[in-house]
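Enquirer:
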Amino acid sequence: MKNASIFFSILLFVSCAELQQVVNQLPQGGPLSEQEIGAGLRQALDFGIEKQVTSLAKEGGFFKNELVKILLPEELQKVDKTLRDIGLGNLADEGLRIMNRAAEDAVGEAIPIFVDAVKGISFNDAKNILLGEKDAATRYLQQGTEEALYTKFNPVIKTSFEKVGADEIWNSIITRYNQIPLTKKVNPDLTDYVTQEALEGVFTMIEVEENKIRTNYSSRTTDLLRKVFALQDR
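The numbering of the sequence shown is the UniProt record's numbering, which starts it at 1 and goes up by one.
(1) Using only the alpha-carbon positions, how far apart do R97 and L231 sit?
(2) Could you pull out every residue in the same chain whose Cβ sits closer than 7 Å to the Cβ of Q25, ignoring the five residues on either side in sequence?
(3) Closer than 8 Å by C-beta to D81: which residues in its own chain qualify, once you throw out the five before and the five after it? Chain order, please.
(4) Compute the Euclidean distance between the alpha carbons of K185 and E36, then round it to the nearest angstrom.
(5) Is it true that the CB of I206 sits closer than 9 Å to the CB of T138?
(6) For I86, I'd like the list of residues in its chain whose CB is within less than 7 Å of its CB, leaving aside the five on either flank, ordered along the chain.
(7) Would you say E109 and V156 are within 9 Å of each other, going by their C-beta atoms?
(8) Considering just the uninterrupted stretch of the alpha helix (DSSP H) at residue 256, what are its terminal residues?
(9) Can you tell which of E74, G95 and E104 has the C-alpha that lies nearest to the C-alpha of N65?
(10) Count the other C-beta atoms from every protein chain shown that fall within 10 angstroms of the C-beta of G29, then say buried if there are 16 or more, exposed otherwise.
(11) Y140 lies in the alpha helix (DSSP H); which residues open and close that run?
(12) What do you get for Y217, buried or exposed, if any count of 16 or more other CB atoms within 10 angstroms of its CB means buried?
(13) Considering only residues of the same chain and omitting the five flanking positions on each side of Q77, which have a CB-CB separation below 8 Å?
(14) If you reduce the DSSP assignment to three classes, tell me which class N65 lands in.
(15) Measuring alpha carbon to alpha carbon, tell me which of V118, G120, L130 and I174 ends up nearest L91.
(16) Residue range of the alpha helix (DSSP H) that P112 falls in?
What follows is the structure in structure tokens.
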């Protein structure tokens, strides 16, 4: 198995205009103070979180993104293959779309949880993350939010399945599969599976963007980014 997401990676999505107010408050030509680093990063994250999480929450945010697209659980992949082999590919595709759409519905719940996590970032947190491993920001948010995100995601995904009749569609898929001679009967809990996959997808995208800004100087598009990440480069 594989956001909202999202520490220094999110800074990539913050416009220069949005950060200019923070930059203007920094001492010209001088080192960054602890307070300035913490405040600047928190403000930048507040702008960026919503943008990143919203991109996954849009229709197709998961389904059209090969990095996070949710596929059938391993024990059901034989269902997908068998359905396609007997000409029921459309039914299999619809099942995949519904799983991914449920994840997209749930991701919007991540925004306030990430915002709360960002508010709690201390200077020591920020410094340790900045000078830590390449995925330190992602892991920080994951450790601080994953339990709360699961609690939020799971009922939304369940409701999403019910809203579009996914229970009927999956019952149809599994019933058709179970009628095929010599197949082992299956009865998976897809709500929990999709919840876990949605969480992994969010943090996968957070890590992708974090790696960009850590390793690609051109991704540091503001003075603030360049100043903050210069500490990491030393």
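Every residue gets a Cβ at the ideal spot worked out from N, C-alpha and C, and that includes glycine. On a predicted model such as this, the values are computed, not experimentally measured, just so you know.
Expert: Put simply:
(1) 43 Å
(2) The predicted model places Q25 with a pLDDT of 40, which falls under 50 and marks its position as unreliable, so this point remains unresolved.
(3) Inspection of the sequence shows that residue 81 is occupied by Lys rather than by Asp. Counting only Cβ-Cβ distances below 8 Å, and skipping sequence neighbours, we find nothing.
(4) 59 Å
(5) yes
(6) none
(7) yes
(8) Nothing can be reported for residue 256: it is not among the residues displayed for the chain, which extend from 1 to 234.
(9) E104
(10) At G29, the pLDDT of 44 sits below 50, so the modelled position is not reliable and the matter cannot be decided from this model.
(11) A136 to K163
(12) exposed
(13) L71
(14) coil
(15) I174
(16) A110 to K119
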